[in-house]
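What follows is a short report on a single structure.
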Amino acid sequence: FLMERKTHIKINRKEVILAKLRKSCSCTPQKLKNFVMDFFPVLRWLPKYRCKEYIWGDVMSGLVIGIILVPQAIAYSLLAGLKPIYSLYTSFFANIIYFLMGTSRHVSVGIFSLISLMVGQVVDRELLLAGFDLNDDAPPTLGDGSLQNDSLSNTTAFNLTIVGINAECGKECYAIGIATALTFVAGVYQVLMGIFRLGFVSMYLSESVLDGFATGASLTILTAQVKYLIGIKIPRSQGHGMLVITWINIFRNISQANLCDVITSAICIVVLVTAKELGDRYKHKLKFPLPTELVVIVVATLVSHYGKLNEVYASSVSGAIPTGFIPPKVPEFNLMLRVAVDALPLAIVSFVFTVSLSEMFAKKYAYTIRANQEMFAVGFCNIIPSFFHSFATSAALAKTLVKTSTGCQTQISGVISAMVVLLVLLFLAPLFYSLQKCVLACIIIVSLRGALRKFRDVPARYHVNKVDTLVWVVTMSASALVSTEIGLLVGIVFSMLCIIVRTQRPRTALLGQIQDTSFYEDDLEYENLSTVPKVKIFRFEAPLYYANRNYFLKSLYRLTNLDPNLEAARRKKYEKKEKQHLKKGNHRTANGLGIGETTVQLVPKQIDFQALVVDCSSISFLDTTGVNTLKEILKDYKNLNISVLLACCNPSVIDSLKRGGYFGRDFGCMQEMLFYSIHNAVLFAKDQK
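Here is the structure:
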């Protein structure tokens, strides 16, 4: 039987588009109010804020995150190749803007190690092209002193010429100029993606790609910090293969290691790792995480200051960190053109991490987020701070987990964290002058524990899915050994290739009947299946399209042990020989048979079926090549008096077959060619003579 299809009303797309445009372009007070409240979600939830219920958790989580943010911001400035003050600016502005525009109640947006690394690589490249020395301890050039609190240095000019940099702008201001231009362009990309609703781009970053990318980038981050751990001065490597080149330089200069930095690093790593392990073990008993990083920084700063480690042992320190804010400045347009390509992967990675974390915690705590608004939020978290000497931001998993574990209820906690950073910016920043860089490197390396632990999950990942493991390995290797941007691109392309290959060579099977039932399964996978006499049932577990057409035919011919084209050619050849014998008047055939026996001989013994049932339940769509392939086998098998029956086709496949003329012009034979179950097709085949 054939089920009656519903009649769908044809939609006039032009009228629909025009109606949407009229609705979008119309402006009413209510619509304007809704637009503003949607663009600033804080206006919806803040008036409903349950102060007595939420305030304690928000304040506590905000204070804890703020305490964690300060040492991490100072440490991650090493990754970005910028002064610590810019990292503090970034942490402050990002929390305020996301509070106004974000839809997630829990994610912590701010400085993130992976984003800092990507910014730092672009900054280093541009500094090198501009002729600056990448050595952190290189003497400052004209106009490149530390930022001071006096008005003169705060208004340092940022002038560029066609051939390079004006003498008024030195290494530091050029570096932050590159970072702000990169951040501004990345934010513009994210806002444009939100306007054109391009959030679907994140779908192409699978979990394996993201994990491999994060792990590979973590190896790069770890490598970049080793020189600070042991106190050697080597140039910051640039370009492809940075990880390998850096390790070669490290081993070449290992004899110059600073003993003071080595001892300090060993002590800090032991303390940090021990505290982290104890915190993980007893996290259910602790009301809030131990502020280990802050304690380590305070103690290390005091020891370095009173022990005069910089003067006596030449240990590298953070240097002067000014207080207050630098006057805002528009990012340089000429620099935007230089970093426009670099900003694209930065924008995508920043958005993907933010949205994925937002969705994860929204699902956990039973509320919804708007992915498009998240794209606007993270976009403006980049655009607006870029005017205030900040660089790119993203949501960070580690801080978000701490935030939720300390009772966070809303983004009020983000404002509290921003106030803690503001306190440091206005009053406490100069106190970190004597902080050793090796201590900051230890904080960064210990924060990578989660990403580096992914190596332990490889056997379990391999057991679950070998292809996903291969994607992870390829992405991780490319991110670490080539570059982070190339690694991300390689991961996306390779994962898509894996999908294409899997659809090009999918599983195929002949099915047998489960005894005393109307169900059929793979004859090679299950025991005690009975074959159906005179009927072959073929299953193809993928869409049928141009890329797997040949594999479909080869698998069909191999499993049924019959190639209809070869068989037809053999029969024509046989008939030709018979005609030649008859013309000669020989009534005996070439095989010694009589003419009456010739018809019997033409039917080959190896054809043991009279009907072929194609199980289309796994064929999600057909393209033109797929339809033509089915028409081809229908014709070829018909020449051998074998009927081809299709079973379990979805409506999309049926429509493709109709449009391709598979069932004829008037669909008169459709009832004899299409069946809604394999069993119906088998029963029909058995009834055929």
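The opening residue of the sequence shown carries number 1 in this note's numbering; numbering runs sequentially from there. By construction, the Cβ of each residue, glycine as well, lies at the ideal position given by its N, Cα and C atoms.
- Between A451 and Q504, the gap from beta carbon to beta carbon reaches 7 Å or more.
- Per DSSP, reduced to three states, the secondary structure at F609 is strand.
- If you keep only unbroken alpha helix (DSSP H) runs of at least 4 residues inside the stretch 63-107, you get 84-101.
- Here the stretch 98-105 does not lie against the stretch 329-346, with fewer than 3 beta-carbon pairs under 8 Å apart.
- Residue state for T531 is assigned as coil, using DSSP reduced to three classes.
- By the Cβ-count criterion, Q688 is exposed, with fewer than 16 other Cβ atoms from all chains shown falling within 10 Å of its own Cβ.
- For R370 and L435, the gap between their C-alpha atoms comes out near 42 Å.
- L511 is bridged by DSSP to D522.
- Membership of A647 in the beta strand (DSSP E) is indicated by the continuous run 643-647.
- Inter-segment contact for the stretch 359-373 and the stretch 53-68 is absent: fewer than three beta-carbon pairs are separated by less than 8 Å.
- Of the residues assessed, N528 falls on the exposed side of the cut-off, its CB having fewer than 16 other CB atoms within 10 angstroms.
- With a cutoff of 7 Å on beta-carbon distance, T393 and V209 are scored as not near each other.
- Under the rule that a run must span 4 or more residues, the alpha helix (DSSP H) segments found entirely inside the stretch 385-445 read 397-405, 412-423.
- Taking all protein chains shown into account, I17 has fewer than 16 neighbouring C-beta atoms within 10 Å of its C-beta and is therefore exposed.
- DSSP lists F538, L646 as the bridge partner or partners of V614.
- Here M375 is near Q190, since their CB atoms are less than 7 Å apart.
- Ranked by Cα distance from T354, the options V339, A366, T624, C381 are led by C381.
- In chain order, F92 place their CB closer than 8 Å to the CB of L422, counting only its own chain and leaving out the 5 sequence neighbours on each side.
- With respect to V627, G660 sits close: the two C-beta atoms are nearer than 7 Å.
- Taken through DSSP and simplified to helix, strand or coil, G131 comes out as coil.
- I297 and A320 have their C-alpha atoms roughly 16 Å apart.
- For N650 and M3, the gap between their C-alpha atoms comes out near 12 Å.
- The alpha helix (DSSP H) runs of length 4 or more contained entirely in the stretch 302-338 are, from start to end of the chain, 309-313.
- With fewer than 16 other Cβ atoms inside 10 Å of its own Cβ, N565 counts as exposed.
- Short of 7 Å from the beta carbon of L544, and not among the five residues preceding or following it, lie these beta carbons of its own chain, in chain order: F552, I619, L622, G626, T629.
- Comparing C-alpha distances from F432 to each of K10, K48, V70, L43 shows the shortest one belongs to V70.
- Under the three-state reduction of DSSP output, F196 falls in the coil class, being neither helix nor strand.
- With a cutoff of 7 Å on beta-carbon distance, V107 and L205 are scored as not near each other.
- For N465, there is no enclosing alpha helix (DSSP H), as DSSP gives it neither H nor E.
- Residue state for G241 is assigned as coil, using DSSP reduced to three classes.
- Taking C-beta separations shorter than 7 Å and ignoring five residues to either side along the sequence, the partners of T404 in its chain run H106, F361, following chain order.
- Per DSSP, the continuous alpha helix (DSSP H) segment holding M496 begins and ends at 484-504.
- Rounded to the nearest whole angstrom, the C-alpha separation of T301 and E207 is 40 Å.
- Nearest to F494 by alpha-carbon distance, out of V473, A509, E15, K6, is V473.
- In the assembly as shown, P322 is a buried residue. Its beta-carbon has 16 or more other beta-carbons within 10 Å.
- Distances from the alpha-carbon of V339 to those of A366, Y306, E126 put E126 closest.
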